[in-house]
Amino acid sequence: MFGEDEIIKGHASRARWIAFIVLCCFFILGLRLFYLQVYKGDVFYRYSVNNKIRKEVLPSPRGMIFSRNSKLLVNNVPRFDAIMIPQFVKDRKKLITKMSAILGMSEKEIHKVLKRNGGQARYRPITIKKNISPREVAIMETEAEKIPGMRVSTFISRDYLDSEVGAHTLGYISEISQAQLPKYRRRDKFNYKLGDFIGQSGIEEFFDNILRGIDGQEILEVDARGRMRRVLEDNNLYKDIKNLPVLPGNNLRLTLDRDLQLAAFKALEGKVGSAVAMDVKTGDVLAMVSRPSFDPSKFSTQLTTNYWNSIIKNENRPLRDRSIQEHYAPGSTFKAITAIAALEEKIIDEKTTYDCAGKLKLGRRTFHCWKKSGHGKTDVVKALKESCDVFFYQIAKKLSIDKLADYARAFGVGSRTGIDLKRETTGLMPDSDWKEKRFGRPWQGGETLGCVIGQSYVLMTPVQLAVTYAAIANEGKILKPNLIKEVFSVFGEINQKSSPKIKSEMNISKETFRIVKEGLFSVVNEKGGTAYWYRPKNSTMSGKTGTSQVKSFSAEDIYKKCEDREYKSRHHAIFSAYAPSENPEIAISVVVEHGCHGSSAAAPVAKAIVDEYYKQKTLVSTD
Amino acid sequence: MRANIKIFPELFKRYDFSFFGVSTLIFIMGVLNLYSVTNTSTLSNHTGLYKTQIAYFGVSLIAGFVTSLIDLKTIYRYSYWFYFFNIFLLLLVLILGDVGMGARRWLVLGPIRLQPSELMKITVVLALSRWFTRNNPDREMGFKEVIFPFLMAVLPALLIIVEPDLGTGLLILLIFLVIAFYRSLKWKTIFIIAILSVLSGTAMYKFGLKEYQKKRILTFIDPDADAQGSGYNAIQSKISIGSGKVFGKGYMKSSQASLNYLPENHTDFVFSVFNEEHGFLGASILIFLYLTLFYRLIWLSQSVTKIYQSICAVGLMSIYFWHTFINMGMVMGLLPIVGLPLPLMSYGGSSLLTFGIACGLATSISNSRNLF
């Protein structure tokens, strides 16, 4: 197959073509070199010797966040960093000594910072110390003239005006991590880069792409000491580099009411838990707080090790947003759903009574009512009012778990509410299939007895509980909890306005709602109701207390006083309500971990929120 | 691999030292330049880089020399094997490669870090040469005839592009183009390909892409590029070259490099610094040396008697040519910055090894001329 001399000869013309094209290409390169080095050489020479150009990034302000009533919640404040630009440094030693004196850092620390940033280009500034004090700024500014290479640079940082109040809902920002970068780069129109601050939780995280602005850039011509000479015009040499304008991020007006937030946060003082208040017609979240909390301002500037340790070592986990990330057995607050299911399924009617003797035997097991002496003859209204367990045990004997689960799920139990926050948990509504799958064992009749009073496997988040009680208040509408009222630009143009979102509507008779509402009314407003002592001053409220067991206790231990138990074994206190009782406007849910009694620990928080809500209302109407 | 030990003395009588000679000359200029680049700057932490580069060159010389002793018939026979083994390495890189500067390019075997995409340039030349040798109709070729070898080039190109290393990926396609052109691809076909690719390319870029997508492509091409200040690097490079004027600022006198204005100035931007220090005159000498290599290879393609060797020579020439042309074009601001090294000048072991082996192959082809 070899020996094809003729074929090679046949390619001679192509070889000549290749030789010619190569020559042409290098002729062009030669012309270009001639143009750059001979024709324009003097110009470039001047640039290389006298002038240095520097690219200055103009940071774009992040959008601000306002409350429902346009009160500022999150602001931008300037922050000052001490930086060094290696290319302008004349006397490195002197500079380090000086900086260490001004900033109160040891020279060793500064060397360490410099070493860490050693590999990068010399025109890139190195941050020596972040967030320096105004005094340090003043000294730095005056000394900078004498010591080239040392400068103060301004950044925009975040200030959360109410510090710990609503920190979980608002979230915090911090530097994008190396691990996050690829994911964010892929995401959208922003040039995410190391050093950028992004929302890491709450609204800051979920609406990062709305709040975030686009950084601008300016190409500056600077002299040998790094001082700016002028902003470069787009002349011929620099036609390829552009100055880019700063595009600020959009502002948010939230549905949160600042006064309600403060009231709810104050009412939870010293407790571990959360409170959620929402508008029953629109789904607007008016208040959403969780305690213990943290100060997002501290997370968004420079986190001190002490503060970080105090947060991380706190066993109550302050970073956790209890209103959406934690689920609890709803306890007796769940009885409203059981009552609705029983009424709708015609297992009971308004007049059905059961006799409560303090306990009920089923098979070999005895189920206790919370009241040892029993409630006597009890109808559904009284059962809700006094939270009689035996009445609901009787229902459980006739109501299948699957039927109950259908109703509970219709009320949103076991699925995310869809609130615009990340890491929301689902809660849980068990049924026979679920148990079979989870444990490989069939459902036991006794377990239904636990479920009807909101124990056993039932789990709900505070925000779910608020949605459920809003649905009772508005008679059947499951609303998506809404956090954003509107999005508007820095110029005040409204870009986006939210509207109520009804997720589903239930087909439950008015009569059923009337009966259950009567029960919930009596809980707060009639003597003997579990929350009678915590009724609001100037308005009416309907609701239900709940006390959910954290542990199961033996028969002799069950009536032991909750406060005498170890903290971790105490019951969670839950209260869920809406107000006013006629034509309800807001729904509230409160959970106090290990608070023992829904009545004494959780109901006062709800009362505080309702009181504040009416104070606002009367203020507005008298204006 | 049959190195003919017996005919060693005869071998050296007809051994062509020209390729190694010119390569070494360019390398010496390169390593002196590298020393200047990394040691002018006071804060540089690359001061010892030139030593590593000399070690790499030593290894590459040995690899090249060994390659020059291998019988070309053996290379011809194993062309496809080399090719598939290299494809396998590329796949391996994608699966368990080492990530550097945002791209998976390296394969780590103990102390050795290898870029299979670099070797692919050579193995694709060998495989294409073999295909065009076996399928040698005595007529011009159109679309239909070259579709198979085209796919042979596209496969590794795609594997390299997804690393991502768009520059090297496109380079493989350009190598194919040169070989296909040499093997009588119809002029008509060439024009159609040229027009189509220009049209579709500009149309895509102009109308099909949003501003941020364009930016993303630019960062995709060069992950190290300053996404925000596109153009900044190119400007600094132009200032550097231009300021050298006719005679240059002198050795170790580059101000741009000493200030670390130039990113990657020991890899992609070495030519800028060389120009700053040695001016138009120095650059002309360097370009002349490169042209010597190209024309020697083109001449070689016409003076051998075997078609496989002829095609190989053209293919090797195209590797040298495209690297040199694209690198120089990009630092002068004529071509987009795609991050291709300048042969024998840029810092980098894989790159040196590639050109060492290429040099060995060229020498071997040249030596075979004198065999009956």
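Listed in order, the protein sequences are those of chains A and B. Per numbering that gives the first Met the number 0, residue 0 is the first one in the first sequence, and the count goes up by one each step. Per numbering that gives the first Met the number 0, residue 0 is the first one in the second sequence, and the count goes up by one each step. Yeah, the Cβ is synthetic: ideal placement off N, Cα and C, and Gly gets one too.
Minimum Cβ-Cβ distance from residue i to chain A less than 8 angstroms
i: Val398 of chain B; result: Since the first residue shown for chain B is 0 and the last is 371, residue 398 of chain B is missing from the structure and cannot be characterised.
i: Asp137 of chain B; result: yes
i: Gly314 of chain B; result: no
i: Lys244 of chain B; result: yes
i: Ser128 of chain B; result: no
i: Tyr294 of chain B; result: yes
i: Gly54 of chain B; result: As written in the sequence, residue 54 of chain B is Ala, which differs from the Gly given in the question. Cβ-Cβ to chain A under 8 angstroms: no for Ala54 of chain B.
i: Ser345 of chain B; result: no
i: Met327 of chain B; result: yes
9 angstroms Cβ cut-off: residues of chain B touching residue i
i: Tyr566 of chain A; result: Residues of chain B passing the Cβ test: none, with the nearest at roughly 48 angstroms.
i: Ile172 of chain A; result: Within chain B, no residue comes near Ile172 of chain A; the closest Cβ sits about 20 angstroms away, beyond 9 angstroms.
i: Val21 of chain A; result: Leu290, Phe293, Tyr294, Ile297, Met316, Phe320, Phe324
i: Phe438 of chain A; result: Under the 9 angstroms cutoff, chain B gives no residues; its nearest Cβ is about 40 angstroms from Phe438 of chain A.
Neighbour list for residue i in chain A, Cβ cutoff strictly below 8 angstroms
i: Phe190 of chain B; result: What Phe190 of chain B touches in chain A: nothing, since even the nearest Cβ is about 13 angstroms away.
i: Phe180 of chain B; result: Arg13, Trp16, Ile17
i: Met331 of chain B; result: Leu28, Arg31, Leu32, Leu35
i: Ser309 of chain B; result: Ile7, His10
Helix, strand or coil at residue i [DSSP, three-state]
i: Phe490 of chain A; result: coil
i: Lys502 of chain A; result: strand
i: Asp80 of chain A; result: strand
i: Gln454 of chain A; result: coil
i: Glu55 of chain A; result: strand
i: Trp80 of chain B; result: helix
i: Lys625 of chain A; result: Outside the shown range of chain A (0 to 622) lies residue 625 of chain A, about which nothing can therefore be said.
i: Phe154 of chain A; result: strand
i: Ala226 of chain B; result: Residue confidence is low: Ala226 of chain B scores 38 on pLDDT, short of 50, so the model does not pin down where it sits. Its coordinate-derived value is still stated next. Reduced to three states, the DSSP call for Ala226 of chain B is coil.
i: Gln52 of chain B; result: helix
i: Glu669 of chain A; result: As displayed, chain A neither begins before 0 nor continues past 622, which places residue 669 of chain A out of reach and without an answer.
i: Leu267 of chain A; result: coil
i: Met98 of chain A; result: helix
i: Tyr159 of chain A; result: strand
i: Thr141 of chain A; result: helix
i: Asp233 of chain A; result: The predicted position of Asp233 of chain A is uncertain, since its pLDDT is 43 and thus under 50; no value can be drawn from it.
i: Gly518 of chain A; result: helix
C-beta neighbour in chain B for residue i, strict 8 angstroms
i: Arg31 of chain A; result: yes
i: Phe25 of chain A; result: yes
i: Ile6 of chain A; result: yes
i: Ile557 of chain A; result: no
i: Leu35 of chain A; result: yes
i: Tyr46 of chain A; result: yes
i: Phe624 of chain A; result: Residue 624 of chain A lies beyond the range of chain A shown here (0 to 622); nothing can be said about it.
i: His10 of chain A; result: yes
For residue i, the first and last residue of its enclosing beta strand (DSSP E)
i: Met287 of chain A; result: 284-290
i: Asn38 of chain B; result: Premise fails: Asn38 of chain B lies in the alpha helix (DSSP H), 17-38, not in any beta strand (DSSP E).
i: Thr365 of chain A; result: 364-367
i: Thr546 of chain A; result: 541-547
i: Val275 of chain A; result: 272-278
i: Leu246 of chain A; result: First-last for Leu246 of chain A: undefined, no H or E at that position.
i: Lys114 of chain A; result: Taken as a continuous stretch (DSSP letters only), Lys114 of chain A belongs to no beta strand (DSSP E), being part of the alpha helix (DSSP H) at 106-115.
i: Leu361 of chain A; result: 358-361
Neighbour list for residue i in chain B, Cβ cutoff strictly below 8 angstroms
i: Gly212 of chain A; result: Result: empty, since nearest Cβ-Cβ is about 14 angstroms, beyond 8 angstroms.
i: Lys39 of chain A; result: Gly241
i: Val626 of chain A; result: For chain A, the structure presents residues 0 to 622; residue 626 of chain A sits outside this window and is missing.
Residue range of the unbroken alpha helix (DSSP H) whose run includes residue i
i: Leu478 of chain A; result: From DSSP, Leu478 of chain A is part of no alpha helix (DSSP H) but of the beta strand (DSSP E) over 476-478.
i: Ser350 of chain B; result: 348-367
i: Asn305 of chain A; result: 304-312
i: Tyr353 of chain A; result: No alpha helix (DSSP H) contains Tyr353 of chain A, which is instead part of the beta strand (DSSP E) from 353-355.
Per-residue contacts from residue i into chain A (C-beta, under 7 angstroms)
i: Ser300 of chain B; result: Ala14
Partner residues on chain A for residue i, Cβ-Cβ distance less than 9 angstroms
i: Ala202 of chain B; result: Per Cβ cutoff of 9 angstroms: no residues; Ala202 of chain B is ~22 angstroms from chain A at best.
**Request:** Quick one: which unbroken beta strand (DSSP E) runs of 3-plus residues sit fully inside the region 556-586 of chain A? Chain order, please.
**Result:** 571-578
**Item:** Minimum length 4: unbroken alpha helix (DSSP H) runs contained in the region 143-206 of chain B
**Value:** 165-181, 186-202
**Item:** alpha helix (DSSP H) segments (min. 4 residues) lying fully within the region 387-416 of chain A
**Value:** 388-397, 400-409
**Request:** Mind listing, in chain order, the continuous alpha helix (DSSP H) runs of no fewer than 4 residues lying wholly within the region 196-221 of chain A?
**Result:** 201-205, 207-210
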